[in-house]
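Just so you know, the sequence shown maps onto residues 1 to 83 in full-length UniProt numbering.
For each residue, glycine too, the CB sits at the ideal point set by N, CA and C.
Fair warning: this is a prediction, and the values are worked out from it, not measured in the lab.
To start, the structure under review is shown below, and the notes come after it.
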Amino acid sequence: MDDDDDDEEEEDEEEEDEDMEEDDYSELDAGAIINTGGRRTRGVRVDYSSAEALAKAGLKPEDAAEDDENEESFIAKDDEMHD
Numbered sequence: 001m002d003d004d005d006d007d008e009e010e011e012d013e014e015e016e017d018e019d020m021e022e023d024d025y026s027e028l029d030a031g032a033i034i035n036t037g038g039r040r041t042r043g044v045r046v047d048y049s050s051a052e053a054l055a056k057a058g059l060k061p062e063d064a065a066e067d068d069e070n071e072e073s074f075i076a077k078d079d080e081m082h083d
């Protein structure tokens, strides 16, 4: 009975190996890959409040300032956390 179990396990492992074949990338369009020629922007700080960024978003600097003024600060009240 143990031999049958071992045979089944081996068959399962063979099927898994067949399933893990390499992917076929021939259908991918290499022209769609954008090569920026440089490093990615990982770690670069982006200023979303700059005039250029606001212009790209279709906003005016005054609009962004008004949004900041209208935001309320949140203060969590925790009655159980007193010293």
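Excluding five sequence positions before and after residue 53, the CB atoms of its chain that fall closer than 8 Å to its own CB belong to 46, 47, given in chain order. If you check the CB distance, residue 61 and residue 51 come in under 8 Å. Separation of residue 27 and residue 78 (C-alpha to C-alpha, rounded to the nearest whole angstrom) is 58 Å.
Here DSSP, grouped into helix, strand and coil, assigns residue 54 to helix.
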